[in-house]
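Under this note's numbering, the first residue of the sequence shown carries the number 15, and numbering increases by one thereafter. Read the structure below first, then the notes.
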Amino acid sequence: MSEQESSSPKEEIIIASSASEEAPAPEVKTEAAETSHSHPDLSEKVKGAATAADLLSEIVQMAEDDFIPWEEVTLPSQGVYYGDRLPGGLVRVKAMGIHADKILATQRLAQTGQSIDYLFKHCVQLTDGFDAKDLLSGDRIFLLYVLRGITHGNIYEFIMKCPNCETSSMQSYDLNELADTITGPDPSIGEEPFKVILPYMSEVLDRNVWVRVRLLRGKDVSQMANRQKFSKRVRAGTVGRKRPSRDIVIDQTITENLALVITGFGGDGAEGEVHDESKIKALVDRMHAKDTATIRGFLRDNAPGIDTMIEVECPECSFEYRADLPITESFFRPAGDQQPGRA
Ligand SMILES: [Zn+2]
């Protein structure tokens, strides 16, 4: 990867690379957030253009990358679970261009989750040969918010429906706050696939029995999406619908795909390790809820990523609740540019 002129300190690898905490905060307005973002200065290149025709021809001769420059971010995983394929978890991203509009125009893309792959293809630069589908699910969600932040600013406005009084209201969230929720890799849990002891089965068998568990990748999620029409993150047009909490969504996802994340089985005093898929499926079917809960809890606590659960207060009835930050159409638009009449 090429050297970057802006090697920002780790705390700054955030969602919108605007304002650090100490710096005098710009007005929390989309415009402010956008202008505080480092735009390239291309004035030199068009200095000689005297006519509109000259100007336009200068513009179209410039490379797309000159207009929307790449910048570096560090993934929550810090690259730890990719072997040496993504050193330090450093990737390059650039603001969304016309591709975001294409996603909005194509509901089918949004509903299958393919839109994310499409967006990543244009706006995320990985190392050679690294497929974005191989990124951890948590890294992908992080990137999605980064792209939103660098494109339309860190202030994200969306409509939420209060679970108490059912009134829909406009909520606003500063995406920079997500930087404080990052779960990084934990070297103390060993290498993937991780060994997780099954408490119930170990008790009844009177010896330690364990499974090997791996983290969810993008390709797992899109496979699920295709199989179950499981479009949990990008759901164009379902703004404000009552939705389950993030933990419930994750738990369901893992339960339904437990056999997918379990790659091996073994026990103390028993030689070797079993990797046979159909045998692991049979094991999962016999698992006690205590054991499946242990696996879910392990993944929830240790999977790198960001926590998108937010506190919301209903302006109508003052009811306070926690909800998952939704990805609605406004995710791909600047604040204040909502489609009228949608809610
Ligand atoms: Zn309410």
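Even glycine gets a Cβ: it sits at the ideal position worked out from N, Cα and C. Please read these numbers as outputs of a predicted model, since none were measured by experiment.
Every alpha helix (DSSP H) of 4 residues or more that sits fully in the region 76-158 is shown, in chain order, as 78-81, 112-119, 121-126, 128-137.
The beta carbon of F172 sits no closer than 6 Å to any heavy atom of ligand 1. In this structure, F333 has its beta carbon less than 6 Å from a heavy atom of ligand 1.
The count of Cβ pairs closer than 8 Å, one atom from the region 315-332 and one from the region 188-203, reaches three, so the stretches are in contact. F156 sits away from R99, with the two beta carbons spaced by 7 Å or more. Contact check between the region 201-209 and the region 335-344: fewer than three CB pairs, one atom from each, fall below 8 Å, which does not count as touching. Spanning the alpha carbons of H166 and K147 requires a straight line of approximately 25 Å. For T342, there is no enclosing alpha helix (DSSP H), as DSSP marks it with neither H nor E. Under the Cβ criterion (8 Å, minimum of three pairs), the region 86-96 does not count as touching the region 58-68.
Relative to ligand 1, the beta carbon of N178 is positioned inside 6 Å of a heavy atom. In the DSSP assignment, A337 is bridged to I324.
For the pair L272 and V298, the CB atoms are nearer than the 7 Å cut-off. Judged by the Cβ position, C328 qualifies as a neighbour of ligand 1 at the 6 Å threshold, a heavy atom of the ligand being closer than this.
Counting other Cβ atoms within 10 Å of its Cβ, A77 stays below 16 and is therefore classed as exposed.
A distance criterion of 6 Å places the beta-carbon of T181 in contact range of ligand 1, judged by its closest non-hydrogen atom.
Of all alpha-carbon atoms in D315, E291, D68, V105, the one lying nearest the alpha-carbon of D200 is that of D315. Taking C-beta separations shorter than 8 Å and ignoring five residues to either side along the sequence, the partners of G286 in its chain run G280, following chain order. In this structure, the beta-carbon distance from S91 to L140 does not fall below 7 Å. Boundaries of the beta strand (DSSP E) around V210: 208-211. For M184, the beta-bridge partners assigned by DSSP are I173. Under the 10 Å beta carbon count, M174 is surrounded by 16 or more other beta carbons and is classified as buried.
Cβ neighbours of F333 within its own chain (closer than 8 Å, five residues either side excluded): C176, P177, N178, C179, E327. When the Cα atoms are used, R347 and F312 turn out to be separated by approximately 36 Å. The continuous alpha helix (DSSP H) containing T306 extends over residues 303-316. Distance from the CA of G103 to the CA of A114, rounded to the nearest whole angstrom, comes to 24 Å.
Under the three-state reduction of DSSP, R231 is assigned to strand. Look at G278 here: in three-state DSSP terms it is strand. Counting only residues of its own chain and dropping the five nearest sequence neighbours on each side, I203 has a CB closer than 7 Å to the CB of N316. With a contact defined as Cβ atoms closer than 8 Å, L189 and R162 qualify at about 7 Å.
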